[in-house]
Amino acid sequence: MIVLRDEKAIVVFSGGQDSTTCLFWALQTFKEVEAVTFNYQQRHVAEIECAKEIAKELNVKHHILDMSLLNQLAPNALTRDDIEVKAGENGELPSTFVPGRNLLFLSFAGILANQVGAKHLITGVCETDFSGYPDCRDNFIKSLNVTLNLAMDEHLVIHTPLMWLDKAETWKMADEMGKLEYVRTKTLTCYNGIKGDGCGTCPACQLRSNGYQKYMKMKKKEKTLF
1 MIVLRDEKAI VVFSGGQDST TCLFWALQTF KEVEAVTFNY QQRHVAEIEC AKEIAKELNV
61 KHHILDMSLL NQLAPNALTR DDIEVKAGEN GELPSTFVPG RNLLFLSFAG ILANQVGAKH
121 LITGVCETDF SGYPDCRDNF IKSLNVTLNL AMDEHLVIHT PLMWLDKAET WKMADEMGKL
181 EYVRTKTLTC YNGIKGDGCG TCPACQLRSN GYQKYMKMKK KEKTLF
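Counting with our numbering, you get residues 1 to 226 for the letters of the sequence shown.
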């Protein structure tokens, strides 16, 4: 791991498994870390409360920015009670896809970084175990990184520690940092707003649970070998 102890970073933080794992990674990597959470009037305010709690426990300065316009422009299952949470079918994106979300989040995180003197942005997007969201792809992140620097005449670096990890490997990463149980019990990934292991039935919970079970089996197998 490259440790940048003289650098400052901003973590795009939702209080979920991925962003919390990235927050722990950032705390081990950078001298100073702040977190930013976006309020886009998501269906479950519990997500924001969870992010607040974690940031407070970890003594991380926490910014909450109003992004309510996104709710108005991009109705989806994460912002509307009358839209069913379901996976994409026949090549369509899932109903949980929020058009432009990562574009806006990272752009505003970049502006915040400019204001607080941070040169690094961290986001938990991933192209290995994802729902087909186009704004989680590596080529989008690289493109946006160039755009942000051109727009602000900056030298920001967007880090994606989870980009090529599946969910089992993400659990492994948390475990190697000694934070597996913290991430398992205190984060909120569930589309139905239930902390920890969640509802167990929504697509986010199934992905998270399958990854956890896969990792625990791998870990058990490794122990038997040694």
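We treat Cβ as the ideally placed atom computed from N, Cα and C, and that holds for glycine.
These numbers come from a predicted model, not from an experiment.
- Within 10 angstroms of the beta-carbon of asparagine 102 lie 16 or more other beta-carbons, which makes it buried.
- Taking a contact to require three or more Cβ pairs closer than 8 Å, the segment 8-19 and the segment 28-35 qualify as touching.
- DSSP places isoleucine 194 outside both helix and strand once states are collapsed to three, so it counts as coil.
- Ranked by how close their Cα comes to the Cα of lysine 195, the residues Leu65, Lys167, Thr185 have Thr185 in first place.
- The DSSP assignment places complete beta strand (DSSP E) segments of no fewer than 3 residues inside the segment 22-75 at 30-39, 61-66, in order along the chain.
- Straight-line spacing of the CA atoms in glutamate 154 and leucine 180 works out to 35 Å.
- Beta-carbon to beta-carbon, isoleucine 122 and cysteine 22 are separated by about 5 Å, close enough to satisfy the 8 Å threshold.
- Leu148 is the residue among Cys126, Leu148, Thr128 whose C-alpha sits nearest the C-alpha of serine 107.
- The beta-carbon distance between lysine 119 and leucine 156, rounded to whole angstroms, is 6 Å. This is short enough to meet the 8 Å contact definition.
- In this structure, threonine 189 places its C-beta atom within 8 Å of the C-beta atom of glycine 198.
- Within the same chain, Met177, Lys179 come within 6 Å of phenylalanine 24 by CB-CB distance, once the 5 residues on both sides are set aside.
- When secondary structure is reduced to three states using DSSP, lysine 217 falls in the helix class.
- Per DSSP, valine 116 lies in no beta strand (DSSP E) segment; the continuous alpha helix (DSSP H) that holds it begins and ends at 101-116.
- In the structure shown, the three-state DSSP call for glutamate 7 is strand.
- Exposed is the label assigned to aspartate 138, since fewer than 16 other Cβ atoms lie within 10 Å of its Cβ.
- In the structure shown, valine 183 falls within a helical segment according to DSSP collapsed to helix, strand and coil.
- Inclusion of glycine 211 and tryptophan 171 in the CB contact set at 8 Å is warranted, their separation being smaller than that value.
- Valine 125 sits in coil when the DSSP states are folded into three classes, being neither helix nor strand.
- Going by DSSP, histidine 159 is part of the beta strand (DSSP E) stretching over 157-159.
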